[in-house]
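S.K.: Just so we're aligned, residue 367 is where the sequence shown starts under the numbering used here, counting upward by one. Quick one: structure below, then a few questions.
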Amino acid sequence: MEYNWDKEKLKVLKQEYIDLKRHTSGLTKNDKSSIQEKLNMIIEIENMLCLPTEYYLSLPTFPKYVDKTKYLPKSTFNTYQKVPIFIRKWILNTMHVLHSYESLPPLQYIPNFKLSDKELVGLSHDFFSWLPPKHYTQIADKYMDKKENLLRIQKKTYNTNYGKTYPFTYPIYVPYFLIFRQDTINDFLTLNHEIAHGIFYASDTNVSTSNNHQFLLELEGYFFNFLSIEFLKEKKIVPLEITKKLYCNEFINILDTNFIAFYAQYLSLLLYKEEKKIEIEGITKKLLEQQLTFEISESLLSSYLSEKSTELAKYALSALTSLDLEKMYTQDRELAFTNFEKIRYNKTNDIEKNLRDHGITFMDDKYQNLQEKMQQLSLTKK
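In structure tokens form, the structure reads like this:
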């Protein structure tokens with residue numbers, strides 16, 4: 367494997383965290399939990415190094431449920447309450463826009479795109495060099511340098527996760543990256559997405575889980591996905607038809623895995639409070655009452671309810687913010703980047719002010735850019 371992690375470096379990093387947990391006095395409960403989380407991440411990385419490259423295993427979970435029908439995990443019930451009410455409203459109000467769907471269209475087929483790992487990294491370097499801000503290139507190049515052993519590119523798998531970033535903050539900030547090859551141009555988007563996280567997570571070392579800025583931590587992921595497709599289109603690296611399919615798939619994934627999933631959680635909690643039980647018939651009835659024709663099966667509902675509400679909210683809010691920045695980008699690239707960086711580097715708890723001060727308008731203009739995106743991709747009712 368040309369791009370891979372180094373076992374010895376990981377051993378040193380692991381020992382740093384073990385010593386930190388063992389010898390530092392005055393640690394709070396949150397400090398200890400954070401240290402253990404980082405140790406768990408290192409163990410996960412070590413385990414992957416020991417497994418055959420075509421496998422990526424995650425341990426099964428056995429949640430406790432709040433309802434007798436065993437749909438709503440207690441963890442989901444608890445994390446939903448941690449999403450601020452104004453953010454819940456922002457996400458749930460998108461349903462006024464999404465009711466114009468007849469149904470979710472299927473994901474578009476993306477053909478194979480042959481690139482070696484070295485060629486993939488080279489294309490990503492070209493992308494970061496193409497961006498208006500030039501200060502990203504040097505950082506990205508360091509993270510992707512195979513001598514640094516921070517990037518693992520795993521051969522083709524059928525894992526639903528395309529990539530992951532593991533940020534470590536002690537003794538110095540260092541991110542580790544995992545890319546699951548799909549052998550399509552999606553690999554390029556995944557690599558840029560994860561490297562962008564590595565760049566911006568560096569400023570998040572002191573952001574607590576009680577700070578509302580946590581709900582913007584996926585912003586660079588969505589914005590850089592969009593920019594990656596813009597780069598492919600401008601440089602004519604893939605046919606225009608493929609870029610259109612990439613845009614469509616990005617949007618369908620956002621809707622299905624974030625907004626609809628969060629709405630399903632909302633309906634489930636509503637049913638639980640009303641009837642102390644959750645049944646698929648009750649979910650279907652409430653969808654029809656809202657003139658939403660999405661079909662949610664029992665297995666799909668279980669999948670939606672297994673997700674952390676705070677994670678769904680983070681992805682949904684970041685996606686809405688990115689849509690406004692994307693529209694801004696088509697009019698003024700420099701302004702879009704300036705506002706993106708100001709939003710992302712501003713760690714204020716008052717994210718309403720942060721967003722409005724930097725040109726984000728979805729909460730005030732009835733989700734205009736969400737509506738336009740749907741129309742552009744012809745996803746609305748005829």
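Backbone N, C-alpha and C define an ideal beta-carbon position, used for all residues, glycine too.
With T460 and Y733 assumed to form a contact (beta carbons below 8 Å), what rounded beta-carbon distance in angstroms separates them?
M.R.: Here residue 460 corresponds to residue number 94 of the sequence shown, with the count starting at 1. Here residue 733 corresponds to residue number 367 of the sequence shown, with the count starting at 1. Indeed, because the Cβ distance is near 6 Å, the residues count as touching under 8 Å.
S.K.: Under DSSP, the beta strand (DSSP E) around V604 begins and ends at which residues?
M.R.: Within the sequence shown, the letter at position 238 stands for residue 604. Run containing V604: none; DSSP gives neither H nor E here.
S.K.: Please say whether E700 and P498 have beta carbons closer to each other than 8 Å?
M.R.: Residue numbering aside, residue 498 sits at position 132 when the sequence shown is read from its first letter. Residue numbering aside, residue 700 sits at position 334 when the sequence shown is read from its first letter. Contact: yes.
S.K.: Are the beta-carbon atoms belonging to E655 and D483 less than 8 Å from one another?
M.R.: Within the sequence shown, the letter at position 289 stands for residue 655. Within the sequence shown, the letter at position 117 stands for residue 483. Cβ distance not < 8 Å, so E655 and D483 don't count as in contact.
S.K.: N715 and N591: beta carbons closer than 8 Å?
M.R.: Residue mapping note: residue 715 aligns to position 349 of the sequence shown, counting from 1. Residue mapping note: residue 591 aligns to position 225 of the sequence shown, counting from 1. No, the Cβ-Cβ distance between N715 and N591 is not below 8 Å.
S.K.: Leaving out the 5 sequence neighbours to the left and right, which residues in its chain are closer than 7 Å to D570 when beta-carbon positions are compared?
M.R.: Here residue 570 refers to the residue found at position 204 when the sequence shown is read from its first residue. The answer, listed in chain order, is L583.
S.K.: Which whole-angstrom value is the C-beta distance of R518 and N370, which I expect to be below 8 Å?
M.R.: Mapped onto the sequence shown, residue 518 falls at position 152. Mapped onto the sequence shown, residue 370 falls at position 4. With 8 Å as the limit, R518 and N370 qualify as a contact, their Cβ atoms being about 5 Å apart.
S.K.: By how many angstroms is the C-alpha of L458 removed from the C-alpha of I451?
M.R.: Taking the sequence shown and counting its residues from 1, the one referred to as residue 451 is at position 85. Taking the sequence shown and counting its residues from 1, the one referred to as residue 458 is at position 92. Roughly 10 Å between the two C-alpha positions.
S.K.: Can you grab the Cα-Cα spacing for the pair H724 / I717, in whole Å?
M.R.: Taking the sequence shown and counting its residues from 1, one reaches residue 724 at position 358. Taking the sequence shown and counting its residues from 1, one reaches residue 717 at position 351. Distance between the alpha carbons of H724 and I717: 11 Å.
S.K.: Straight-line CA distance for A627 to L671?
M.R.: Residue numbering aside, residue 627 sits at position 261 when the sequence shown is read from its first letter. Residue numbering aside, residue 671 sits at position 305 when the sequence shown is read from its first letter. Straight-line Cα distance between these residues: approximately 7 Å.
S.K.: For L683 and Y632, what's the separation of their Cα atoms in angstroms?
M.R.: Translated into positions along the sequence shown, residue 683 becomes position 317. Translated into positions along the sequence shown, residue 632 becomes position 266. Approximately 16 Å between the Cα atoms of the pair.
S.K.: In the structure shown, what three-state DSSP assignment does Q697 receive?
M.R.: Along the sequence shown, one-based indexing puts residue 697 at 331. Here Q697 sits in helix by DSSP.
S.K.: Looking at C-beta atoms only, is the number of pairs between the stretch 474–493 and the stretch 688–700 that lie closer than 8 Å three or more?
M.R.: Too few Cβ pairs lie closer than 8 Å, so no.
S.K.: Just to confirm before moving on: does the CB-CB distance between K601 and T609 stay below 8 Å?
M.R.: Position 235 of the sequence shown, counted from the first residue, corresponds to residue 601. Position 243 of the sequence shown, counted from the first residue, corresponds to residue 609. Contact flag unset, no.
S.K.: So N478 and T550 are supposed to be a Cβ contact under 8 Å. How far apart are they, rounded?
M.R.: Counted from its first residue, the sequence shown places residue 478 at position 112. Counted from its first residue, the sequence shown places residue 550 at position 184. Right, the Cβ-Cβ distance comes to about 6 Å (below 8 Å), so this counts as a contact.
S.K.: Just checking, does the stretch 533–540 make contact with the stretch 374–391 on the three C-beta pairs under 8 Å criterion?
M.R.: Yes: the two stretches touch, three or more of their Cβ pairs being nearer than 8 Å.
S.K.: Which residue marks the beginning of the beta strand (DSSP E) containing Q520, and which one marks its end?
M.R.: Within the sequence shown, residue 520 is the residue found at index 154, counting from 1. Unbroken beta strand (DSSP E) run through Q520: L517 to Q520.
S.K.: Could you check where the beta strand (DSSP E) with I545 kicks off and where it finishes?
M.R.: Along the sequence shown, one-based indexing puts residue 545 at 179. Element bounds for I545: V540 to F546.
S.K.: DSSP beta-bridge partners for F534?
M.R.: Walking along the sequence shown from the start, residue 534 turns up at place 168. BP columns for F534 point to V540.
S.K.: Any heavy atom of the ligand FAD within a distance shorter than 7 Å of the CB on T435?
M.R.: In the structure shown, the ligand FAD is absent, as is every other ligand, since no ligand is present at all.
S.K.: Suppose you measure from the CA of L653 to the CA of P533; what does that come to, to the nearest Å?
M.R.: Counted from its first residue, the sequence shown places residue 653 at position 287. Counted from its first residue, the sequence shown places residue 533 at position 167. Each residue's Cα considered, the two are about 39 Å apart.
S.K.: Distance check for E641 and N712, CA to CA, integer angstroms please.
M.R.: Locating residue 712 in the sequence shown gives position 346, counting from the first residue. Locating residue 641 in the sequence shown gives position 275, counting from the first residue. Cα to Cα, the separation comes out at about 42 Å.
S.K.: Please state if the CB of L667 and the CB of F728 are separated by a distance shorter than 8 Å.
M.R.: Here residue 728 refers to the residue found at position 362 of the sequence shown. Here residue 667 refers to the residue found at position 301 of the sequence shown. Cβ distance not < 8 Å, so F728 and L667 don't count as in contact.
S.K.: With the cut-off set at 8 Å, would you say Y638 and D433 are in Cβ contact?
M.R.: The residue you call residue 638 lines up with position 272 of the sequence shown. The residue you call residue 433 lines up with position 67 of the sequence shown. Contact flag set, yes.
S.K.: Tell me, which residues are paired with T727 by DSSP?
M.R.: On the sequence shown, position 361 is the one that residue 727 refers to. In DSSP, T727 forms no bridge with anything.
S.K.: Going by C-alpha distance, which of A630, S675 and Y681 is nearest T659?
M.R.: Numbered from 1 along the sequence shown, position 293 holds the residue referred to as residue 659. T659 has its Cα closest to that of A630, out of A630, S675 and Y681.
S.K.: Out of N735, V604 and Q580, which one is the CA nearest neighbour of T676?
M.R.: Looking up residue 676 in the sequence shown gives position 310. Selected option, being the one with the closest Cα: Q580.
S.K.: Using DSSP's beta-bridge definition, name the partner residues of T550.
M.R.: Here residue 550 refers to the residue found at position 184 of the sequence shown. In DSSP, T550 forms a bridge with N478.
S.K.: Please look up how many angstroms separate the CB atoms of V463 and Q737, rounded, as I've assumed it's under 8 Å.
M.R.: As a working note, residue 463 is residue 97 in the sequence shown. As a working note, residue 737 is residue 371 in the sequence shown. Rounded, the Cβ-Cβ distance is 6 Å, consistent with contact.
S.K.: So, with DSSP's three-state summary, where would you put Y711?
M.R.: Counting from one through the sequence shown, the residue named residue 711 turns up at place 345. In this structure, Y711 counts as helix in the three-state DSSP scheme.
S.K.: So, for D730: in the same chain, excluding its five sequence neighbours on each side, which residues have a beta-carbon less than 8 Å away from its beta-carbon?
M.R.: Here the question's residue 730 lines up with position 364 in the sequence shown. Result list for D730: R722, in chain order.
S.K.: Find out if the Cβ-Cβ distance for the pair I649, S634 is shorter than 8 Å.
M.R.: Position 283 of the sequence shown, counted from the first residue, corresponds to residue 649. Position 268 of the sequence shown, counted from the first residue, corresponds to residue 634. Yes, Cβ-Cβ distance for I649 and S634 is below 8 Å.
S.K.: Looking at F566 and R710, is the spacing between their C-beta atoms short of 8 Å?
M.R.: Within the sequence shown, residue 710 is the residue found at index 344, counting from 1. Within the sequence shown, residue 566 is the residue found at index 200, counting from 1. Contact: yes.
S.K.: So Y431 and K440 are in contact, right, with Cβ under 8 Å, and what is the actual spacing, rounded?
M.R.: Taking the sequence shown and counting its residues from 1, one reaches residue 431 at position 65. Taking the sequence shown and counting its residues from 1, one reaches residue 440 at position 74. At roughly 7 Å, the Cβ-Cβ gap stays under 8 Å, so Y431 and K440 are in contact.
S.K.: Do the CB positions of Y542 and I401 come within less than 8 Å of each other?
M.R.: Within the sequence shown, numbered from 1, the residue matching residue 542 stands at position 176. Within the sequence shown, numbered from 1, the residue matching residue 401 stands at position 35. Taking 8 Å as the Cβ cut-off, Y542 and I401 do not qualify as a contacting pair.
S.K.: Quick one: give me the first and last residue of the alpha helix (DSSP H) that F628 is part of.
M.R.: The count along the sequence shown starts at 1 and reaches residue 628 at position 262. F628 -> alpha helix (DSSP H) spans A627 to E641.
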